[in-house]
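Here is the structure we will look at.
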Amino acid sequence: MKSDASMDPPVKFKSGDTRTGLSSIHQRRSEPESSCVSMKSDASMDPPVKFKSKDMWTGLSSVHQKRSEPEPSCVSMKNDTSIDQPILLKSGDTQPGLSHKAYSLNTFRSNLRKKFQCLNEGTAKQGNPTLLNEIYTELYITESEGGEINNEHEVRQIEIQSRRAATEDTPIKCNDIFRPLPGQDKPIRTVLTKGVAGIGKTVSVQKFILDWAEGKENQDIQLIFPLPFRELNLMKGKTLCLSDLLDVFFPETKEMEISSDEYKVLFIFDGLDECRLSLNFKSKIKLCNISESASVDVLLKNLIAGNLLSSALIWITSRPAAADLVPSECVHRVTEVRGFNEPQKEEYFRKRISDQSLADRIISHLKSSRSLYIMCHIPVFCWISATVLEKMLSQAERLEIPKTLTQMYTHFLIIQTNIKHEKDYQKKVKDEDMILKLGKLAFQQLVKGNLIFYEEDLRECGIDVTEASVYSGLCTQIFREEFGLYQGKVFCFVHLSIQEHLAALYAHIYFTNKNRNVFEKAKRSLFSKIINQKKYHSLSELHQRAVDETLQHKDGHLDLFLRFLLGLSLESNQTLLRELLRQTGSCSYNKEETVQYIKQEIRENRSPERSINLFYCLNELGDDSLMAEIQRYLKSGKIGETKLSSSQWSALVYVLLTSEQKIDVFYLKQFIGEQNTADEVLQKLLPVVKESRSAQLQFCNLTVYSCKSLSSALQSSNMFLGELDLSNNDLQNSGVKLLSDGLKSPKCQLQILRLKFCNLTVLSCKSLSSALKSSNMFLGELELSNNDLRDLGVKLLSSGLKSPKCQLQILRVSGCMVSEKGCGYVSSALSSNPSHLRELDLSYNHPGDSGLKLLSEKLNHPNYRLDNLNVDHGGENRIRSGIRKCLLVEYEGMSWSPEMAPAPESAPVSASSRVQRRLSPSSRVQRRLSPSSRVQRRLSPSSRVPRWISPLRLL
Numbered sequence: 001m002k003s004d005a006s007m008d009p010p011v012k013f014k015s016g017d018t019r020t021g022l023s024s025i026h027q028r029r030s031e032p033e034s035s036c037v038s039m040k041s042d043a044s045m046d047p048p049v050k051f052k053s054k055d056m057w058t059g060l061s062s063v064h065q066k067r068s069e070p071e072p073s074c075v076s077m078k079n080d081t082s083i084d085q086p087i088l089l090k091s092g093d094t095q096p097g098l099s100h101k102a103y104s105l106n107t108f109r110s111n112l113r114k115k116f117q118c119l120n121e122g123t124a125k126q127g128n129p130t131l132l133n134e135i136y137t138e139l140y141i142t143e144s145e146g147g148e149i150n151n152e153h154e155v156r157q158i159e160i161q162s163r164r165a166a167t168e169d170t171p172i173k174c175n176d177i178f179r180p181l182p183g184q185d186k187p188i189r190t191v192l193t194k195g196v197a198g199i200g201k202t203v204s205v206q207k208f209i210l211d212w213a214e215g216k217e218n219q220d221i222q223l224i225f226p227l228p229f230r231e232l233n234l235m236k237g238k239t240l241c242l243s244d245l246l247d248v249f250f251p252e253t254k255e256m257e258i259s260s261d262e263y264k265v266l267f268i269f270d271g272l273d274e275c276r277l278s279l280n281f282k283s284k285i286k287l288c289n290i291s292e293s294a295s296v297d298v299l300l301k302n303l304i305a306g307n308l309l310s311s312a313l314i315w316i317t318s319r320p321a322a323a324d325l326v327p328s329e330c331v332h333r334v335t336e337v338r339g340f341n342e343p344q345k346e347e348y349f350r351k352r353i354s355d356q357s358l359a360d361r362i363i364s365h366l367k368s369s370r371s372l373y374i375m376c377h378i379p380v381f382c383w384i385s386a387t388v389l390e391k392m393l394s395q396a397e398r399l400e401i402p403k404t405l406t407q408m409y410t411h412f413l414i415i416q417t418n419i420k421h422e423k424d425y426q427k428k429v430k431d432e433d434m435i436l437k438l439g440k441l442a443f444q445q446l447v448k449g450n451l452i453f454y455e456e457d458l459r460e461c462g463i464d465v466t467e468a469s470v471y472s473g474l475c476t477q478i479f480r481e482e483f484g485l486y487q488g489k490v491f492c493f494v495h496l497s498i499q500e501h502l503a504a505l506y507a508h509i510y511f512t513n514k515n516r517n518v519f520e521k522a523k524r525s526l527f528s529k530i531i532n533q534k535k536y537h538s539l540s541e542l543h544q545r546a547v548d549e550t551l552q553h554k555d556g557h558l559d560l561f562l563r564f565l566l567g568l569s570l571e572s573n574q575t576l577l578r579e580l581l582r583q584t585g586s587c588s589y590n591k592e593e594t595v596q597y598i599k600q601e602i603r604e605n606r607s608p609e610r611s612i613n614l615f616y617c618l619n620e621l622g623d624d625s626l627m628a629e630i631q632r633y634l635k636s637g638k639i640g641e642t643k644l645s646s647s648q649w650s651a652l653v654y655v656l657l658t659s660e661q662k663i664d665v666f667y668l669k670q671f672i673g674e675q676n677t678a679d680e681v682l683q684k685l686l687p688v689v690k691e692s693r694s695a696q697l698q699f700c701n702l703t704v705y706s707c708k709s710l711s712s713a714l715q716s717s718n719m720f721l722g723e724l725d726l727s728n729n730d731l732q733n734s735g736v737k738l739l740s741d742g743l744k745s746p747k748c749q750l751q752i753l754r755l756k757f758c759n760l761t762v763l764s765c766k767s768l769s770s771a772l773k774s775s776n777m778f779l780g781e782l783e784l785s786n787n788d789l790r791d792l793g794v795k796l797l798s799s800g801l802k803s804p805k806c807q808l809q810i811l812r813v814s815g816c817m818v819s820e821k822g823c824g825y826v827s828s829a830l831s832s833n834p835s836h837l838r839e840l841d842l843s844y845n846h847p848g849d850s851g852l853k854l855l856s857e858k859l860n861h862p863n864y865r866l867d868n869l870n871v872d873h874g875g876e877n878r879i880r881s882g883i884r885k886c887l888l889v890e891y892e893g894m895s896w897s898p899e900m901a902p903a904p905e906s907a908p909v910s911a912s913s914r915v916q917r918r919l920s921p922s923s924r925v926q927r928r929l930s931p932s933s934r935v936q937r938r939l940s941p942s943s944r945v946p947r948w949i950s951p952l953r954l955l
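Residues in the sequence shown are numbered from 1 upward in steps of one, following full-length UniProt numbering.
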């Protein structure tokens, strides 16, 4: 039993209950994301139940909730046919030995336990339900920095996340979603959990509820109300109060007489991306009492904003595209479900497949295909792969095992239609008719951006409700029919990728059977209609049009559709289609025409990131010529000496990003040569930098132009860079100003920034100080050594250090012309904000006796974290401009000056070379601190021989 000491007080249901601080809310979008759900009217739905005055929804106590299972795209796809109906308490009914309140709570828990205890992948109409606790695999959930929109296809996001898994993000267990991480002390009321379709958001919700209902976790919560947006959509336009809304969904709560002193409540709103209610957070309508009536969208807005039931916990799940529908002011934690990490992938297959030898073979095959194994981060793709490979690898005959996404999904479709043939339905449905109609629905709604459909959407595609019900009964693991409130019907495909595959199949069959292009839009004029009736003679024409349409969508909306469409044209997949559709048309096809067209687009496309999907398309077509060429250059070690074309640069990005080895440290210098300037190379390889853990860009002759590119990258939602070294580049103050703008972004995750020898002055300190004061700044280490910052620059930096928002732990300003005055500024900053800075490098400066005393006092004081102070090689001679300030080195009591250098052609020792000589015992008068003070000693006595090293040769 956990303590609730860190939680908000119990729910207050009294009139006037408000949540201060959230009344002024800025909304970024007042309407739900249109690309995620059909915006059709609800005219096709059954009329709502009407209630007379004082007849508080009693007529709904017997409403049969057919849709009791969670969101299908997140592994759990089964129905509740094997689950008992909720117990509806009548007034006066109690169980012997229990109070009425305790019995009601037990009944409520029991109903939720029965509802969520089973996990079915697909739908429960095939096979027996599986207990969630038996097959559940813990998902990789991390804390995210915000609910920003990510404008890339979700498959691409998964590919990026697969490389991000090597970072040091702290995983959060599903049941700890409302518990602060170590070091966090603020209570968490509202959590927004985002993740791509099928990644496991709804299963996480299901597991949370089940563990609570079974008494295992979060027992400080008395009531959990799961309210999926998919069902709330069906109440659009209805007016009621919050207590009545809960009575509709949970009739047993009506008898509980909920009071603020007895219950702590959690509301779970699953599927924000499917919301078609107008969640207008700018609305001035403010509700503070649960008995006040309003539209459902107003109720939800006030509940989420904290005006209504301010003590209630709120959990919202969403796909990334709709994550910003709720203003950040209303959200206390953003988490991200990143699916399965590497060990969890294997764990899933070993739990899913009882034959461990077969499970090993499946895992081995998936690992052999990079594109397939990356997709296994998505739990629902693991289910699809297991369904296909378990059947194929178990069969006696040796069939070609799927190696591409198109092959995998086509085999999956065949397996599902074969299951259909085993069923006995009175109405016979031809495969061709069903697939074409479902394919048309999939394509039309994909183009519109809709993932769930209502009856009116189906009628537009020539499907009546009866047919849709038959299809959902026959292909339960492809197409689903759900029942929400008032028996209103909602339809969807089991997963977005299945919709994309069916859409591509429809486009292919429509062309081969009718010589028509699905992208040709109907025109009103007779002339346009005649023009649109032209016949197409080659499949390449469809492919070229599809490539053009896909590239027009900067968000990658049709990326996976295009890969499926091209893959379906291969002979191996054509053979599978003939097995699926006995009568398929034919047309001429020259694969080389499509390949050359894609390569031309790669050459002309200015964005290497948008070209990545085109390389996946070439992979689907079996062409790897560009990638093989780049691989040869990489193996030769001479890629920096080679003049690469634009398509070769894009191929290089693709090869680096799809390598089996995760990108940990990226070195830019190996790609720079006489053929390309450093700024040009960085611009070309920026997608690789963004997905690296550490970018080593030192000694590359970069300029301000590169700082502009890097600043933009730091503000990208897919920027996972943790360390950036730009030392020994002529960035100047203007470059640092641009970088500082990027550091302020809430999306920036940079923790280490090194800017040694970058020709910086006081103006750079002003920009960096502003960044240090930003609430979005997570920088922990800043290296500014060997720049002429002077005392005024340190004063500006110290102003940033004083900010309570500053998280800096390590500051290095070696050789920056700092005197005892500058040390005073740093000491003052440490006194104002003692909780973070633990390492300070002031070597090769002139701290003086007073400066040493001020800083040494901070070392041994229990109120300060400073435990590492370096003041080596100090002296008045260090207060000089340029590199000469670092040249005087003491060696065993002998002075070694620049004039004694053996040859003028080599540059003197730089601080960045870390050749920092200890002073001889006779010269240690500046060491006032005892050894326990941990003043940093860099090198051993054996390394005291002075050497002259050119900074340009240091890496």
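Cβ coordinates follow ideal geometry from the N, Cα and C atoms, glycine included.
Just so it is clear, the structure is predicted and the values come from calculations on it, not from any experiment.
With 16 or more other Cβ atoms from the protein chains shown falling within 10 Å of its own Cβ, lysine 264 counts as buried. With a cut-off of 8 Å on Cβ pairs, the region 809–823 is in contact with the region 771–785, counting three or more such pairs. Note that the C-beta distance between alanine 503 and leucine 580 is not below 8 Å. Counting along the chain, valine 298 sits inside the alpha helix (DSSP H) bounded by residues 296–305. A Cβ-Cβ contact shorter than 8 Å links leucine 721 with lysine 690.
Using a C-beta cut-off of 8 Å, the region 747–764 makes contact with the region 719–734, since at least three inter-stretch Cβ pairs fall below that distance. In summary, phenylalanine 519 is exposed, with fewer than 16 beta-carbon neighbours lying within 10 Å of its beta-carbon over all protein chains present. When the beta-carbon positions are compared, leucine 855 and cysteine 823 come within less than 8 Å of each other. Residue pairing of asparagine 868 in beta bridges, as defined by DSSP: Glu839. Per DSSP, the beta-bridge partners of glycine 673 are Asn676. Between asparagine 218 and the set Phe225, Pro226, Ile209, the nearest pair of CA atoms involves Ile209.
Between threonine 761 and aspartate 741, the CB-CB gap reaches or exceeds 8 Å.
By the CB criterion at 8 Å, phenylalanine 511 and leucine 542 fall inside the cutoff.
As the crow flies, the alpha-carbon of isoleucine 639 is around 6 Å from that of phenylalanine 671. Counting only runs of 3+ residues, the beta strand (DSSP E) found wholly inside the region 190–224 occupies 190–194, in chain order.
If you draw a straight line from the Cα of cysteine 748 to the Cα of phenylalanine 229, it comes to about 31 Å. The distance from the Cβ of glutamate 723 to that of serine 694 is about 4 Å, consistent with a contact at the 8 Å cut-off. Linking leucine 842 to leucine 792 through their CA atoms gives a straight-line distance of about 15 Å. The criterion of a C-beta distance shorter than 8 Å is not satisfied by serine 144 and valine 298. Distance from the Cα of alanine 323 is smallest, within the candidate group Asp270, Ile435, Ser497, Leu558, for Asp270. In this model, glutamine 696 and valine 871 are separated by some 27 Å (Cα to Cα).
Separation of the CB atoms of leucine 399 and methionine 392 is rounded to 6 Å, and the pair is thereby assigned contact status at 8 Å. Between leucine 576 and histidine 411, the beta carbon gap of about 7 Å places them in contact (Cβ cut-off 8 Å). When Cβ pairs closer than 8 Å are counted between the two stretches, the region 374–390 is seen not to touch the region 587–601, the count staying below three. If you check the CB distance, leucine 869 and leucine 840 come in under 8 Å. Exclusion of the five residues before and after leucine 303 leaves Leu242, Phe267, Leu309, Ala312, Ile314 as the residues of its chain whose Cβ lies within less than 8 Å of its Cβ. For leucine 763, the CB contacts under 6 Å within the same chain, skipping 5 residues up- and downstream, are Asn733 in chain order.
Following the DSSP letters along the chain, one finds threonine 594 inside the alpha helix (DSSP H) bounded by residues 591–604. In this structure, Val704 is the residue among Leu743, Val704, Ala713 with its C-alpha nearest to the C-alpha of glycine 735. A straight-line Cα-Cα distance of about 45 Å links cysteine 617 and arginine 113. With a beta-carbon spacing of about 7 Å, leucine 702 and leucine 731 fall inside the 8 Å limit used to define contacts.
Here DSSP, grouped into helix, strand and coil, assigns isoleucine 314 to strand. In the structure shown, isoleucine 268 falls within a strand segment according to DSSP collapsed to helix, strand and coil.
Nearest to alanine 829 by C-alpha distance, out of Lys802, Lys853, Tyr844, His861, is Lys802. In the three-state reduction of the DSSP assignment, valine 518 falls in the coil class. DSSP places cysteine 288 in the coil class of the three-state scheme, outside both helix and strand.
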